[in-house]
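Just below is one structure, and these are the notes that go with it.
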Amino acid sequence: MHLKTLSFALLSLISEGHAHESSQYPYVPNDLQCPKGSLPTFVHNSYTYIAPLDKFTNITGSFFNIAWEGGCPATVTTGTDNVPGATRGGLCLGGTFNDTLTMYSAHPDGFSYTYHGAPYTFTSPGQPPMHWDAYAETMRFESICGGQATYVDFISYICSEDQIATYTGWSELHAVSMQAIAGTIGAPILAGDCPECKN
-2 MHLKTLSFAL LSLISEGHAH ESSQYPYVPN DLQCPKGSLP TFVHNSYTYI
48 APLDKFTNIT GSFFNIAWEG GCPATVTTGT DNVPGATRGG LCLGGTFNDT
98 LTMYSAHPDG FSYTYHGAPY TFTSPGQPPM HWDAYAETMR FESICGGQAT
148 YVDFISYICS EDQIATYTGW SELHAVSMQA IAGTIGAPIL AGDCPECKN
């Protein structure tokens, strides 16, 4: 019974349409057109934890607050937080990132947002410089298991010259970021069935 409920919830998430599409904030596709010499990389990572949604939204629910993902805070922002068209920027690993919010959708059972990033060059310790010609990411946090657990996923598109290093880097960024949040809020991994309902 619990497994069926979890499977239905995950299928519902996958089948969601575009949120908040309008003439004011038109849908912006994430399947980037990479410039010549740059290769497209697609990364999808998902996680499930035994903790209610609000434990995550308290940390991740603001577009302007990105320090939780990679440890690099936004030091410059424009526009209104969580409203498409807002921007954030800052220094990270020797480079300057600049992101623009293209979609934000929130409802009682979850939220998601999408942003696009300008070209970015950075250097990781002991590694040669890495350059991304463009990137876009959608992150989604959804309540599951009757509010007892949370499903998280990241869908990332990146244009770069090194697909393997790019894929590895984004996957590690997501994994480390989520491990840190889970540790902070004391959320164990949901590895199978929904937890037993509390009476």
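Numbered by our numbering, the letters in the sequence shown go through residues -2 to 196 in order. Every residue gets a Cβ at the ideal spot worked out from N, C-alpha and C, and that includes glycine. Keep in mind the model is a prediction, meaning the values are calculated, not measured.
When the five nearest sequence neighbours on each side are left out, the beta carbons in the same chain lying within less than 7 angstroms of the beta carbon of T99 are those of V25, P81, T111, Y112 and H113, in order along the chain. About 7 angstroms separates the beta carbon of N42 from that of D150, a gap short enough to meet the 8 angstroms contact definition. CA-CA distance, F60 to Q176, rounds to 20 angstroms. Three or more pairs of CB atoms, one per stretch, sit closer than 8 angstroms, so the segment 160 to 171 contacts the segment 31 to 46. Excluding residues up to 5 positions away in sequence, I56, T57, S174, A177 and I178 lie with their Cβ nearer than 8 angstroms to the Cβ of W65 in the same chain. Comparing alpha-carbon positions, the option among E169, F53, K33 and D28 lying closest to G183 turns out to be F53. Each residue's CA atom was taken as its position, placing N79 and Y101 some 6 angstroms apart.
Looking at the backbone, the Cα of Y132 and that of D106 are separated by about 27 angstroms. Residue environment analysis places A83 among the buried positions, since at least 16 neighbouring C-beta atoms fall within 10 angstroms of its C-beta. By the neighbour-count criterion, in which a residue is buried when 16 or more other Cβ atoms sit within 10 angstroms of its Cβ, E193 is exposed. Excluding residues up to 5 positions away in sequence, S109 and D150 lie with their Cβ nearer than 6 angstroms to the Cβ of R137 in the same chain. DSSP lists no bridge partner for P70. In the three-state DSSP reduction, D51 falls in the helix class (H, G or I).
With a contact defined as Cβ atoms closer than 8 angstroms, I63 and A146 miss out at about 24 angstroms. Taking a contact as a CB-CB distance under 8 angstroms, the pair G86 and A103 does not count as one, their CB atoms being some 23 angstroms apart. Look at L88 here: in three-state DSSP terms it is strand.
For the pair S121 and T135, the CB atoms are not nearer than the 9 angstroms cut-off.
Note on I141: 16 or more other CB atoms within 10 angstroms of its CB, so buried under the neighbour-count rule. Taking C-beta separations shorter than 8 angstroms and ignoring five residues to either side along the sequence, the partners of G144 in its chain run P49 and L50, following chain order.
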